[in-house]
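Undergrad:
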Amino acid sequence: MTQLLLFNVTNGLIVGAFYVLMALGLSLILNLSNVINFAHGGFLVIGGYIAYAITPYIGFWGALLVAPPLTAIIGLAVERVLIRPLYGRDPLYSLLLTFGLAFIIEDGTRFIFGAQGKPMTIPAFLSQSVSNELFFITWYRLFMVAVVVVAVTLLFVLLRYTRLGIRIRAGTLDLETVAALGINVQMLRSLNFAVGIYLAGLSGVLAAGQLGLEPTMGTGLLMPSFIAIIVGGIGSLPGTLAGGLLIGVASGLTAVFFPAASEAVIYVMMAVVLLIRPRGLFGEEGMMS
Amino acid sequence: MSTEQTRKLVVLAAIWIILISAPYWMVPLGGYTALATRVLVLGLAAMSLNFLLGFTGVLSFGHAAYFGLGAYGAGLTLKYLAASTPLALIAGIMLAGICGALLGMLIVRRRGVYFAMVTIAFGQVFYYIAFQWSSLTGGDDGLRGFSRQPLDFGAFKFDILSNEKNFYFFVLFCFALALGIMGFILRSPFGRTMIAIRENERRARFLGIPVERHIWIAFTLSCFFMGFAGALYALVNNFADPRGLHYSQSGDFVMMAVMGGMRNFWGPLLGAAVFVVLQDYLSSVTVNWMSFVGLLFVLVVLFFPRGLLGFLQRSKA
Amino acid sequence: MGPTQRPWSVDRRAILKTGAAIAAVQFASPYIIKARGESPVKIGFIDPLTGVYAAIAQSEVVGAKFATEEINKKGGILGRQVELLVEDSANDVGTGVQKARKLIERDGVNFIVGDVNSGIAIAIAQVTSEKKVLHIVGGGHSDIITGSSCNWNVFRVCNSTFMDANAIAATLMEKFGKKWYFLTPDYAYGHSVQDGFEKLLKAAGGTFSGSLVPLGTADYSAYLIQAKSYGPQVLINVMGGGDQVSSLKQFVQFGLDKQMAVGGTLFELETIRAVPDAARVGWWTMEWWWDQPGVPHVAEFNAAMKKITGGAATARNWFGYASVQTLALVANQEKTLDAPKLAHALSGYKLPPEIALQPGTPEYRAGDHELMSTVFAGEAHPPKGDPDNMFSVKNPVPGAKAAGPAEDTGCKIQWPA
Numbered sequence: 001m002t003q004l005l006l007f008n009v010t011n012g013l014i015v016g017a018f019y020v021l022m023a024l025g026l027s028l029i030l031n032l033s034n035v036i037n038f039a040h041g042g043f044l045v046i047g048g049y050i051a052y053a054i055t056p057y058i059g060f061w062g063a064l065l066v067a068p069p070l071t072a073i074i075g076l077a078v079e080r081v082l083i084r085p086l087y088g089r090d091p092l093y094s095l096l097l098t099f100g101l102a103f104i105i106e107d108g109t110r111f112i113f114g115a116q117g118k119p120m121t122i123p124a125f126l127s128q129s130v131s132n133e134l135f136f137i138t139w140y141r142l143f144m145v146a147v148v149v150v151a152v153t154l155l156f157v158l159l160r161y162t163r164l165g166i167r168i169r170a171g172t173l174d175l176e177t178v179a180a181l182g183i184n185v186q187m188l189r190s191l192n193f194a195v196g197i198y199l200a201g202l203s204g205v206l207a208a209g210q211l212g213l214e215p216t217m218g219t220g221l222l223m224p225s226f227i228a229i230i231v232g233g234i235g236s237l238p239g240t241l242a243g244g245l246l247i248g249v250a251s252g253l254t255a256v257f258f259p260a261a262s263e264a265v266i267y268v269m270m271a272v273v274l275l276i277r278p279r280g281l282f283g284e285e286g287m288m289s
Numbered sequence: 001m002s003t004e005q006t007r008k009l010v011v012l013a014a015i016w017i018i019l020i021s022a023p024y025w026m027v028p029l030g031g032y033t034a035l036a037t038r039v040l041v042l043g044l045a046a047m048s049l050n051f052l053l054g055f056t057g058v059l060s061f062g063h064a065a066y067f068g069l070g071a072y073g074a075g076l077t078l079k080y081l082a083a084s085t086p087l088a089l090i091a092g093i094m095l096a097g098i099c100g101a102l103l104g105m106l107i108v109r110r111r112g113v114y115f116a117m118v119t120i121a122f123g124q125v126f127y128y129i130a131f132q133w134s135s136l137t138g139g140d141d142g143l144r145g146f147s148r149q150p151l152d153f154g155a156f157k158f159d160i161l162s163n164e165k166n167f168y169f170f171v172l173f174c175f176a177l178a179l180g181i182m183g184f185i186l187r188s189p190f191g192r193t194m195i196a197i198r199e200n201e202r203r204a205r206f207l208g209i210p211v212e213r214h215i216w217i218a219f220t221l222s223c224f225f226m227g228f229a230g231a232l233y234a235l236v237n238n239f240a241d242p243r244g245l246h247y248s249q250s251g252d253f254v255m256m257a258v259m260g261g262m263r264n265f266w267g268p269l270l271g272a273a274v275f276v277v278l279q280d281y282l283s284s285v286t287v288n289w290m291s292f293v294g295l296l297f298v299l300v301v302l303f304f305p306r307g308l309l310g311f312l313q314r315s316k317a
Numbered sequence: 001m002g003p004t005q006r007p008w009s010v011d012r013r014a015i016l017k018t019g020a021a022i023a024a025v026q027f028a029s030p031y032i033i034k035a036r037g038e039s040p041v042k043i044g045f046i047d048p049l050t051g052v053y054a055a056i057a058q059s060e061v062v063g064a065k066f067a068t069e070e071i072n073k074k075g076g077i078l079g080r081q082v083e084l085l086v087e088d089s090a091n092d093v094g095t096g097v098q099k100a101r102k103l104i105e106r107d108g109v110n111f112i113v114g115d116v117n118s119g120i121a122i123a124i125a126q127v128t129s130e131k132k133v134l135h136i137v138g139g140g141h142s143d144i145i146t147g148s149s150c151n152w153n154v155f156r157v158c159n160s161t162f163m164d165a166n167a168i169a170a171t172l173m174e175k176f177g178k179k180w181y182f183l184t185p186d187y188a189y190g191h192s193v194q195d196g197f198e199k200l201l202k203a204a205g206g207t208f209s210g211s212l213v214p215l216g217t218a219d220y221s222a223y224l225i226q227a228k229s230y231g232p233q234v235l236i237n238v239m240g241g242g243d244q245v246s247s248l249k250q251f252v253q254f255g256l257d258k259q260m261a262v263g264g265t266l267f268e269l270e271t272i273r274a275v276p277d278a279a280r281v282g283w284w285t286m287e288w289w290w291d292q293p294g295v296p297h298v299a300e301f302n303a304a305m306k307k308i309t310g311g312a313a314t315a316r317n318w319f320g321y322a323s324v325q326t327l328a329l330v331a332n333q334e335k336t337l338d339a340p341k342l343a344h345a346l347s348g349y350k351l352p353p354e355i356a357l358q359p360g361t362p363e364y365r366a367g368d369h370e371l372m373s374t375v376f377a378g379e380a381h382p383p384k385g386d387p388d389n390m391f392s393v394k395n396p397v398p399g400a401k402a403a404g405p406a407e408d409t410g411c412k413i414q415w416p417a
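In structure tokens:
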């Protein structure tokens, strides 16, 4: 039993790491621009399919490096054209727009690539298990965790030590003052959005290697990201990190005892958090009133 | 009566005449009665949402949950309790309303983006319950094995099961009933307070209005109406399924309200009519109808944020 | 913000007016079309063309359209051309029911085919039996469609889950053993398949355990960990579509394929195409297969499908094809479009070889309206020669044998007066 538990907790952490990647991107965009990006799952799909399309030419590693920035560029274009006009308005509108965008992306992908699922080729050595004992940990999963760790570290370095990062953090707290200080807020929001979408694209490449490609693959990953943010606390990136890992582990644990509820449990967690500590684990009071 | 009032009365009369005669003028135009019934039911749902969204200024993006609860309430009643349509409707309304009241208490302190996210998440909780509790709800396959029962008025039976037109008029009657109550509430002091909160919440608070309590009541009322719409929907299909609870359904309702015009009482009905008819038409013509619907969302948000009625009203001014 | 300040200077009134004009024309057009020419016989085809079943639904449509062309070349139904009206149920019951009503009321279809999703198929069946329209379910597998929820006007081409389970259970038990572990999707179809297998396993004295997995699960580690610790001889994978892809990939990645066999009922060609070579393993049932050497007409059908889709013909292509062809055949035979008469004629109707595309002449059984189609049990493998040659038929089981007696299905057909 302890072995089963240990296995599942470890597994939960791995799954949680993936949620973290998605949720962080979503959180970045939410915190600075007050936009709930319903199309985040769609950008994951775009990232995955771009990787699928270019892998035959530059291989898996090439795709890993190139697909996320390409996705981010698409994100930049979307932000500039579709989302920028909505910044002053009620958050309802950006919600609706990204919602519609998600439809377009899903259908567009189906139109271009077909409804059929597509396999993604990953390097052979990654497809194997680490050992016979730990058979459920494949090298690919460890690789995913490694990528997430690197990405998260780079993100935090960006936010703490670069000018862009400091401005983003300042903007999250008080955008008006930042604008008053003469910083180009439009550019800031665009770049912030691009970083968020980069993370979504990266998630897409990783997901494609793990699950294969399908036009509908983004929708199932969107909700856990929301929940990670709510549980961790809106406005707090470390919170989102903790939230993602927590729901991954919770899901894994539940799968041992009550498999049918392993997805529902993250909603229950969210409900509990909202009841007991509405601002989330690391959220600050009044962040999103 | 002033010209303004006469004009309003004329418009109102015109709307009802169009609605009452719908089964007759729709058919030559390539419509069919079931489409009109669907427009009414989804229009009622959109109007229920707008009660909260347009008139109180509160964004709930998980409202389909109460729509679905209404549907399941009605379905379960018809399947397990009694073969009575009115009882099923009441059960659906109560189930949705009570859940709304309970949940509302938890979330009214939040606003804006956070509130929206929380309503989405709670909506999904209900979706999962419907999905997983398959012994009760039929899970992914949905709740079936029930159908709307003829209305027994003692003297005669009004067959709403096999007669499409009869069913349409029944739904129209329910629709009118719900609208009457909604309109009454909106015209009352409570309704005025809701609008005040929408316009400027802080000022309303300064005036001593218990804002959270008002929002909670508005939320609960909108859930009751939503449940009514959901129960009717279960009767339309003789079916209830989890997809009616999903946040994508909520998105559709919000879109209808926005597209028709949130500030107008009849706006969401117009939005629902356009949306349902468009979706019905597009999905027959092309497999890629989803792109067009998504495009519609994007275009409405960018160019017609006040909706069709808002646009028309502004150009008149 | 006035119009001059907008970054987009578009005349919104113009957009609205043009939109309204286009809409008006479109609404008027069906009325206009009715007025000209001889009216065709219409078949309404409802399937989830968008959503998670899109790939297999679209395969069915391809088969149906091809059938329509063939029928029209031979003169149509009762001398009238056949028109196939395809509608998207979007994997949503409300939409499916609405489209059914639309097709019947507005478009006046004479027949209905659909849906892949069993729940939607049953809901549509309620409408079609109410309106007395002949209804063929091409690809929805739930047992109750030809079982406890059967109807006089509903016939099915694809197999019931019991037929599939029955066709392969004995093979799995003989080849590998009687200790099984189920990986079952937690909804009616999954339960149905597992129930079928359980009955047969228990009768043979086997033992089993299993996991009920929520639909849309991406990560199967928890369930596979449990499977491994149970130590079965066979893992029965009941998952479908994308879930089956993920679960099989992970099964192989964890090296579990070296410790136990894998198998189940459906592993459709569309799904096999979506997994990497290493995961193309196991023992499954195909409801129809394109490579049947020695059986006439199959190669032509396969070639025709290949021309349209670029790949070999799949069972889903055949479902769509057979459904539409059945309607034409029985209508032309009985020289009528009256649903009750045609339904009576279809009870016990045998499909001719050029439509059946399998050994023998399967019939639509009178007791439950299920087509007694051959179940092709066999093994999946990486492509040999042809890129779509990923399955070898080892044991084709005649439908009647796989289905068991009609009385056991629980179907009691009540004919209209």
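Chains as they are written, first to last, in my numbering: chain A, 1 to 289; chain B, 1 to 317; chain C, 1 to 417. Ideal Cβ placement from N, Cα and C applies to all residues, glycine included.
So, helix, strand or coil for C:Ala261, using DSSP?
TA: Strand.
Undergrad: Mind checking who C:Asp47 pairs with in its DSSP beta bridge?
TA: Beta-bridge pairing links C:Asp47 to C:Asp88.
Undergrad: Contact check, B:Val258 vs B:Val300 under 8 Å by CB: the rounded distance?
TA: Right, their Cβ atoms sit about 6 Å apart.
Undergrad: Applying a beta-carbon distance threshold of less than 8 Å, which residues of chain B neighbour A:Pro85?
TA: Per Cβ cutoff of 8 Å: Leu302.
Undergrad: With 16 other CB atoms within 10 Å as the buried threshold, where does C:Ala125 fall?
TA: So C:Ala125 ends up on the buried side.
Undergrad: In chain order, which continuous runs of the alpha helix (DSSP H) of length 4 or greater are located wholly inside the stretch 207-273 of chain B?
TA: Listed in chain order, the complete alpha helix (DSSP H) runs (minimum 4 residues) inside the stretch 207-273 of chain B are 211-237 and 247-260.
Undergrad: Could you tell me which residues DSSP pairs with C:Lys209 in its beta bridges?
TA: The amino acid occupying residue 209 of chain C in the given sequence is Ser; Lys does not appear at that position. C:Ser209 pairs with C:Tyr181.
Undergrad: Decide if the stretch 75-93 of chain A is in contact with the stretch 219-235 of chain A; the criterion is three or more beta carbon pairs, one per stretch, under 8 Å apart.
TA: The stretch 75-93 of chain A vs the stretch 219-235 of chain A: no contact.
Undergrad: Can you check which of these residues, C:Val298, C:Ala322, C:Ala315 and C:Asn237, is closest to C:Arg280 by C-alpha distance?
TA: Out of C:Val298, C:Ala322, C:Ala315 and C:Asn237, C:Asn237 has the C-alpha closest to the C-alpha of C:Arg280.
Undergrad: Out of curiosity, what's the CA-to-CA distance linking A:Leu101 and B:Gly294?
TA: Distance between the alpha carbons of A:Leu101 and B:Gly294 is about 6 Å.
Undergrad: How far does the alpha helix (DSSP H) with A:Ile230 in it extend, from its first residue to its last?
TA: Unbroken alpha helix (DSSP H) run through A:Ile230: Thr219 to Gly232.
Undergrad: Can you tell me whether B:Ser222 is buried or exposed? The criterion is at least 16 other CB atoms within 10 Å of its CB, across all chains shown.
TA: With 16 or more other Cβ atoms within 10 Å, it is buried.
Undergrad: Grab me the residues of A:Ala51's own chain with a C-beta within less than 6 Å of its C-beta, minus the 5 sequence neighbours each way, in chain order.
TA: Ala63, Ala67, Val205 and Ala208, listed in sequence order.
Undergrad: Does any C-beta atom of chain D lie closer than 8 Å to the C-beta of A:Pro91?
TA: The structure shown contains no chain D; its protein chains are A, B and C.
Undergrad: Tell me which residue opens and which closes the beta strand (DSSP E) that C:Pro396 is part of.
TA: First-last of the beta strand (DSSP E) with C:Pro396: Phe391 to Val397.
Undergrad: Counting only Cβ pairs nearer than 8 Å, list the residues of chain C close to A:Arg110.
TA: Going along chain C in sequence order, the residues near A:Arg110 (Cβ under 8 Å) are Thr50 and Ala54.
Undergrad: Can you tell me whether A:Ile183 is helix, strand or coil according to DSSP?
TA: Looking at A:Ile183 - three-state DSSP - the assignment turns out to be coil, as it is neither helix nor strand.
Undergrad: Let me confirm a value: C:Trp289 is counted as buried when at least 16 other C-beta atoms fall within 10 Å, else exposed. Which label applies?
TA: Classification for C:Trp289: buried.
Undergrad: Applying the criterion that 16 or more other CB atoms from any shown protein chain within 10 Å of the CB defines a buried residue, is A:Val149 buried or exposed?
TA: Under this definition A:Val149 is an exposed residue.
Undergrad: Can you list, in chain order, the residues of its chain with a C-beta nearer than 8 Å to that of B:Arg110? Leave out the 5 residues immediately preceding and following it.
TA: Excluding residues within five positions, the ones whose Cβ falls inside 8 Å are Val118.
Undergrad: Quick check: C:Asn153 and C:Ala417, are their CB atoms within less than 8 Å of each other?
TA: No; because the gap between Cβ atoms is not below 8 Å, this pair is not in contact.
Undergrad: Report the rounded CA-to-CA distance for C:Glu198 versus A:Phe258, giving the unit in angstroms.
TA: So the alpha carbons of these two residues sit roughly 21 Å apart.
Undergrad: Where in the stretch 359-414 of chain C do unbroken runs of the beta strand (DSSP E), each at least 3 residues long, occur, reported from the N-terminal end onward?
TA: Complete beta strand (DSSP E) runs here, min 3: 375-380 and 391-397.
Undergrad: Please state whether the Cβ-Cβ distance between C:Val375 and C:Thr271 is less than 8 Å.
TA: Not closer than 8 Å, so no.
Undergrad: With distances taken between CB atoms, is the gap from B:Phe239 to C:Val97 smaller than 8 Å?
TA: In this structure, C:Val97 lies closer than 8 Å to B:Phe239 by Cβ.
Undergrad: Give the secondary structure of C:Phe111 by DSSP, where H, G and I count as helix, E and B as strand, and everything else as coil.
TA: Note: C:Phe111 maps to strand in three-state DSSP.
Undergrad: Check the DSSP bridge columns for C:Ile236 and list the partner residues they point to.
TA: Its beta-bridge partners are C:Phe182 and C:Gly263.
Undergrad: Determine the contact status of A:Gly212 and A:Pro119, defining contact as a CB-CB distance below 8 Å.
TA: Going by C-beta atoms, A:Gly212 is nearer than 8 Å to A:Pro119.
Undergrad: Enumerate in chain order the residues of its own chain whose CB-to-CB distance from A:Thr172 is below 8 Å, with the five nearest sequence positions on each side excluded.
TA: Contacts found: Asn31, Leu32 and Gly235.
Undergrad: Taking 8 Å as the threshold (C-beta atoms), are C:Leu103 and C:Leu327 in contact?
TA: No, these two residues do not count as a Cβ contact at 8 Å.
Undergrad: Does the distance between the C-beta of A:Ala271 and the nearest non-hydrogen atom of the ligand GDP fall short of 7 Å?
TA: Judged by which ligands are present, the structure shown has none, so any question about the ligand GDP falls away.
Undergrad: Using the three-state DSSP reduction, which class does A:Ser236 fall into: helix, strand or coil?
TA: A:Ser236: coil per DSSP, three-state reduction.
Undergrad: Taking the alpha helix (DSSP H) that C:His344 falls in, what are its first and last residues?
TA: C:His344 -> alpha helix (DSSP H) spans Ala339 to Leu346.
Undergrad: What in chain B is Cβ-close to C:Lys306, meaning under 7 Å?
TA: Residues of chain B passing the Cβ test: none, with the nearest at roughly 21 Å.
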